[in-house]
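In case it helps, our numbering puts the sequence shown at residues 18 to 245.
The structure under discussion appears below in the form of structure tokens.
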Amino acid sequence: MPANILLVEDEPAIQELIAFNLSQAGHHVMRADSVENAQQIVRNALPDLILLDWMLPGMSGIDFARKLRADERTKTIPLIMLTARSDEHDKIVGLETGADDYITKPFSPRELQARIKAVLRRRAPQATDDPVEIKGLRLDPVTHRVTGNGNPIDLGPTEFRLLHFFMTHAERVHSRAHLLDQVWGDHVFVEERTVDVHIRRLRSSLEGSGHDSLIQTVRGSGYRLSAN
Ligand code: CA
């Protein structure tokens with residue numbers, strides 16, 4: 018499944034090269050050449066992953082990484098630091114800021130792909146192709162098929178994404194604002210009650226196999242998928 022990747026890199030040639038390689042691999046790439054531009058993009062919609070250059074004009078990549086990790090809304094975004102330095106000390110500093118991985122320039126497109134895949138699998142399973150199954154409810158991101166105890170379930174595109182997110186983040190409570198961020202992407206023009214509408218549709222589609230009870234309302238907080 019293609020991921021939305023925010024690339025923060027100030028050197029035009031490197032930015033171009035990485036963006037080209039990621040697009041070739043099927044990802045959607047948003048580019049920023051400074052932390053300021055990157056912040057604007059993140060304010061609009063959360064990317065699935067950020068590739069962040071260490072040395073940037075203005076605020077450094079390291080300081081931006083710290084900021085992202087300190088903010089409730091952005092603290093779980095998968096983050097890979099890019100750097101020209103291969104110093105072991107720098108690597109430790111990079112990982113201490115909360116980066117998930119660290120890659121030293123120059124790197125091959127294949128290495129970058131492999132790192133991205135590994136980090137997404139670990140940190141953002143909804144952005145990978147792995148099928149998920151909970152209590153007889155199965156969702157396959159590749160074929161876009163959902164089954165309940167082996168019987169096909171028809172879902173609209175939003176309900177499908179919503180269910181995929183819930184199944185890959187089970188047992189945790191998600192606020193409406195968080196769901197808008199994660200499932201709709203651009204939350205600016207969507208009202209929070211839209212979430213309730215799609216939750217209702219999702220539950221009614223899951224009724225046939227009895228899986229509607231997995232989607233629980235947590236009063237005053239939001240929703241959660243729970244197998245308990
Ligand atoms: Ca740079």
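Glycine is no exception: its CB is placed at the ideal position from the N, C-alpha and C atoms.
Arg132 is a Cβ neighbour of Ile97, given a cutoff of 8 Å.
Non-local beta-carbon contacts of Gly237 in its own chain, meaning distances under 6 Å to residues more than five positions away in sequence, are absent. A Cβ-Cβ contact shorter than 8 Å links Ala36 with Leu24. Closer than 7 Å to some heavy atom of ligand 1: that describes the Cβ of Met72. Per DSSP, the beta bridge partners of His45 are Asn21. In the three-state reduction of the DSSP assignment, Met98 falls in the strand class, which pools E and B. Under the DSSP assignment, Asn245 falls outside any beta strand (DSSP E); it carries neither an H nor an E label. Ligand 1 never approaches Asp118 closely enough for any of its heavy atoms to be under 7 Å from the residue's Cβ.
The alpha-carbon separation between Phe182 and Lys134 amounts to approximately 18 Å. Between Arg241 and Arg189, the C-beta gap is smaller than 8 Å, which places the two residues in contact.
Restricted to the region 104-186, the beta strand (DSSP E) segments that are unbroken, complete and at least 3 residues in length are 118-121, 149-151, 154-157, 162-165, 168-170, listed in chain order.
Under the DSSP definition of a beta bridge, Val212 lacks any partner. Cβ contact annotation for Arg193 (same chain, cutoff 7 Å, sequence separation greater than five): Glu209, Val212, Gly239, in chain order. Here the C-alpha atom of Gly225 lies approximately 23 Å from the C-alpha atom of His186. Ligand 1 approaches Glu28 closely enough that one of its heavy atoms is under 7 Å from the residue's Cβ. Between His161 and Asp118, the alpha-carbon positions lie close to 30 Å from each other. With a cutoff of 8 Å on beta-carbon distance, Leu179 and His215 are scored as near each other. Taking the C-beta atoms as reference points, Val235 is found no nearer than 8 Å to Met184. Judged by DSSP in its simplified three-state form, Leu73 adopts coil rather than helix or strand. DSSP places Gly225 in the helix class (H, G or I) of the three-state scheme. Under the DSSP assignment, Gln56 falls outside any beta strand (DSSP E), being part of the alpha helix (DSSP H) whose first and last residues are 52-61. Scanning its chain for C-beta atoms nearer than 8 Å, with the 5 sequence neighbours on each side dropped, one finds around Val207 the residues Leu197, Trp201, in chain order.
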